[in-house]
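Here's the structure, in C-alpha cells; my notes come after.
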Amino acid sequence: MRGILVYNIQYKNNVTWKSQISSYVESFKKLGVELKPIDQIEASIESSKIAKNFNFVLFYDKDVDLAKTLEILGLKVFNSSDSIRLADDKGTSFLMFEKYKIPTPKTYIIPNFYYQNASEFASELENAFTKNKFNFPFVLKSRKSSFGEGVYLCKNRNDFEKLLKKHKEEKFIIQNFIKKKKEAIDYRLVVVDKKIICAVIRKNKKDFRCNSQYGAEWSELKIIPSELKEVAFKVCEKFGLVFAAIDFIKDKNKYFVLDVNSNLFTSKISKICNISVTDFIAKTIIKKLK
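Numbering-wise, our numbering puts 167 at position 152 of the sequence shown, and it's gapless, one number per residue.
Structure (C-alpha cells):
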C-alpha cells in the first residue's frame, strides 16, 4: 500500500512543516506503508499518474478543488474535500454550528461587496452590528485564518475600518470578544476516529490569542469535561472529519467552539501529552482503507 501526503509548497523549507511531514512518514513506515510527500503543484500536474500509482492521500493543504480532483480520480482523501471545506472557512463552519445547534460565540458573517471594499460601508455594517447586539470590542477573523494569523481585536470603529482597508481582499466574520480577567484561556481537543486522543489547555498573558506564536503556554488537560467530549464528537460527525483538533473557549460555565482544525499540527501537543498523534492517525487511515 502506498500513499501521498500533499502539502503547500510555500512551507517547503519551514522547519515545523518538515517535522510534521517526517512524523507522518515515520508513522506510516511503522505500519509497512510508504507515504510520499508531494507539494500541491506536483499533485495537481501529476494527478492522473498519482491515481494510478497510489492508494490514498493524506491532504495537508487547503486547496479543496485539488482534494476534490483526487477524489474524482478514485483516491481516498483524508480528510475529505467536503470536510476540509466545512472546517477551513470560518463562515461556513459557523453555518454548520447554527444548523446543528453547536455552541459557538455570537457571530456575524460580513457580506461580500465584490468590486468595493467593505470599509466603504463601515457605517452600515456598524448599524447592522448594533441591531444584532454586537458592541466593541469584538474579534474580526479572516474566514481563512490559521495559527492565529488574520485574527484581530477591534476596540473601536477606527480599528475596524483600518483593518478592512488593510486587508481588502479578505472575507471576514466578527465574533463577540470573550474577555478573561487575567489571561486568555482556551482548550484544544484532538479527535481521531471518534476518540479523544489528547487535550491541552492554552493560556496567554500577553495576547488574546492562544496560539504558540503569540506566546501562549500549553499544558495537558488530563481531566476532560464530558461536555467538551460530546461537542467535539458532534463536530467531527457533522463535518465528516476522521481526525481534527477542536478549539473551545469557556464563558460563564459554558463551553463554545472557536475553531475546527482539519489539518492539525501534531508535534507540540504530542510532546506535551507524551503520545504520537500521527501514529493514531496513520493506524486509523489504514484501518479505513481495508
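For glycine and all other residues, C-beta sits at the position ideal for the given N, C-alpha and C.
Residue from the options with nearest C-alpha to residue i
| i | options | result |
| --- | --- | --- |
| Ser-291 | Ile-212, Lys-27, Asn-23 | Ile-212 |
| Arg-224 | Phe-248, Glu-232, Ala-199 | Ala-199 |
| Tyr-202 | Asn-173, Glu-185, Lys-244, Ser-282 | Lys-244 |
| Arg-172 | Asn-147, Phe-136, Phe-69 | Phe-136 |
| Tyr-130 | Glu-185, Phe-175, Lys-114, Leu-101 | Glu-185 |
| Ile-189 | Asn-150, Ser-138, Lys-221, Lys-220 | Asn-150 |
| Ser-282 | Pro-126, Ile-60, Lys-267, Trp-233 | Trp-233 |
| Pro-176 | Pro-126, Lys-210, Ile-65, Ser-138 | Correcting the residue type first, residue 176 is Glu in the shown sequence and not Pro. Residue Ser-138 is the option with its Cα nearest to Glu-176. |
Per-residue DSSP class, three states only, for residue i
| i | result |
| --- | --- |
| Ile-56 | helix |
| Tyr-123 | strand |
| Val-48 | coil |
| Gly-89 | coil |
| Ile-19 | strand |
| Tyr-39 | helix |
| Phe-109 | helix |
| Phe-74 | strand |
| Tyr-115 | coil |
| Ile-300 | helix |
| Phe-69 | coil |
| Asp-104 | coil |
| Lys-27 | coil |
| Ser-95 | coil |
| Ile-290 | coil |
Length of the line joining the Cα atoms of residue i and residue j
| i | j | result |
| --- | --- | --- |
| Ser-96 | Lys-67 | 20 Å |
| Ile-87 | Asp-80 | 10 Å |
| Lys-77 | Phe-144 | 30 Å |
| Cys-288 | Ile-216 | 11 Å |
| Thr-84 | Asn-29 | 27 Å |
| Lys-249 | Lys-303 | 20 Å |
| Phe-112 | Thr-119 | 7 Å |
| Lys-194 | Val-21 | 38 Å |
| Ser-277 | Asp-104 | 11 Å |
| Lys-44 | Lys-218 | 35 Å |
| Met-16 | Ile-301 | 9 Å |
| Glu-252 | Leu-204 | 15 Å |
| Pro-52 | Asn-142 | 49 Å |
| Lys-170 | Ala-58 | 43 Å |
| Ser-161 | Phe-109 | 16 Å |
| Ile-60 | Asp-54 | 10 Å |
| Tyr-270 | Lys-210 | 19 Å |
| Val-48 | Phe-69 | 11 Å |
| Lys-220 | Leu-50 | 40 Å |
| Lys-267 | Lys-146 | 24 Å |
Test item: CB-CB of residue i and residue j under 7 Å
| i | j | result |
| --- | --- | --- |
| Leu-140 | Ala-297 | no |
| Thr-180 | Ser-134 | What sits at residue 180 in the sequence shown is Lys, not Thr. Yes, the pair counts as a contact, with Cβ atoms nearer than the cut-off. |
| Ile-56 | Ala-82 | no |
| Phe-263 | Gln-35 | no |
| Leu-155 | Phe-187 | yes |
| Lys-121 | Asn-191 | yes |
| Gly-18 | Phe-74 | no |
| Tyr-26 | Trp-32 | yes |
| Val-275 | Ile-284 | no |
| Val-272 | Ile-124 | no |
| Leu-256 | Asn-23 | no |
| Asn-132 | Lys-183 | yes |
| Ala-231 | Val-206 | no |
| Gly-89 | Arg-158 | no |
| Leu-178 | Pro-152 | no |
| Tyr-229 | Gly-163 | yes |
| Thr-293 | Ser-62 | no |
| Ala-102 | Phe-295 | no |
| Ala-214 | Ile-239 | yes |
| Thr-299 | Asp-174 | no |
Any chain D beta carbon closer than 7 Å to residue i
| i | result |
| --- | --- |
| Ser-227 | Of the protein chains in the structure, only one exists, and it is not chain D. |
Contact test: residue i Cβ vs the ligand NAD heavy atom, cutoff 6 Å
| i | result |
| --- | --- |
| Glu-235 | For the structure depicted, the ligand NAD is absent and the ligand set is empty, with no information on it obtainable. |
- Query: In chain order, which continuous runs of the beta strand (DSSP E) of length 3 or greater are located wholly inside the region 177 to 229?
  - Reply: 187 to 191, 199 to 207, 210 to 219
- Query: For the region 224 to 283, which segments carrying the beta strand (DSSP E) assignment without a break, of at least 3 residues, lie completely within its bounds, in sequence order?
  - Reply: 232 to 235, 258 to 266, 269 to 276
- Those runs of the beta strand (DSSP E) which lie wholly inside the region 128 to 178 and span at least 3 residues: 153 to 161, 164 to 169
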